[in-house]
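Going left to right, the sequence shown walks through residues 563 to 672 as my numbering numbers them.
Note that CB positions come from ideal geometry on N, CA and C, so glycine has one too.
Keep in mind it's a predicted model, so treat the numbers as computed, not measured.
Step one of this worksheet: look at the structure below.
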Amino acid sequence: MSLWLEILVSLLLLLGSAFVLIGAIGLYRLPDFFMRLHGPTKATTLGVGGMVVASLIFFSVGEQTLSSHELLISLFLFISAPVSAYMLAKAAVLHQLPLEQKTRGKPWQQ
563 MSLWLEILVS LLLLLGSAFV LIGAIGLYRL PDFFMRLHGP TKATTLGVGG
613 MVVASLIFFS VGEQTLSSHE LLISLFLFIS APVSAYMLAK AAVLHQLPLE
663 QKTRGKPWQQ
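Structure, rendered in structure tokens:
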């Protein structure tokens, strides 16, 4: 593998890891459920996406063929993450979870 591809894979791994870390910190630090929902659904999806792209490049160059496993992982990730986040948010609205004062849009307080 050439040096510039190794650097690209390394940068994608570092960028993906940084997004996953930011998502995990957001999940831990944010005060209520609706704010916490953004950490794993936004930043972590980008982070895992960066890692999967790095894996795709690494194995595609190493095996001299396109690696379809990473493409399938990416497809599943980008389809399932928004759907699961929507389902979690809908369940939280139906159960009327307690909110932080700074949270906007309180659908059950008409």
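Query raised in the report: Distance, Cα to Cα, Ala580 vs Leu618?
Result: Looking up residue 580 in the sequence shown gives position 18. Looking up residue 618 in the sequence shown gives position 56. Approximately 19 Å between the Cα atoms of the pair.
Query raised in the report: Does the beta-carbon of Glu662 have 16 or more other beta-carbons within 10 angstroms, so that it is buried, or is it exposed?
Result: As a position in the sequence shown, residue 662 is number 100, starting the count at 1. When all chains shown are included, Glu662 counts as exposed.
Report task. Determine, using beta carbons only, whether Val582 and Thr606 come nearer to each other than 8 Å. Result -> In the sequence shown, the residue the question calls residue 582 occupies position 20. In the sequence shown, the residue the question calls residue 606 occupies position 44. A contact, by the Cβ cut-off of 8 Å.
Query raised in the report: Start and end of the alpha helix (DSSP H) containing Ser564?
Result: For this step, residue 564 is matched to residue 2 along the sequence shown. Element bounds for Ser564: n/a, residue is neither H nor E.
Query raised in the report: Does DSSP put His600 in a helix, a strand or coil?
Result: Within the sequence shown, numbered from 1, the residue matching residue 600 stands at position 38. His600 falls in the helix class under three-state DSSP.
Report task. From the DSSP output, in three-state form, read off Gln672 for me. Result -> To locate residue 672, count along the sequence shown from 1; it is residue 110. Below a pLDDT of 50, predicted positions are generally treated as unreliable, and Gln672, at 46, falls in that range; no measurement from the model is reported.
Query raised in the report: For Phe640, does the count of other Cβ atoms within 10 angstroms reach 16, so buried, or fall short, so exposed?
Result: Within the sequence shown, residue 640 is the residue found at index 78, counting from 1. Classification of Phe640: exposed, given that the 10 Å Cβ count is below 16.
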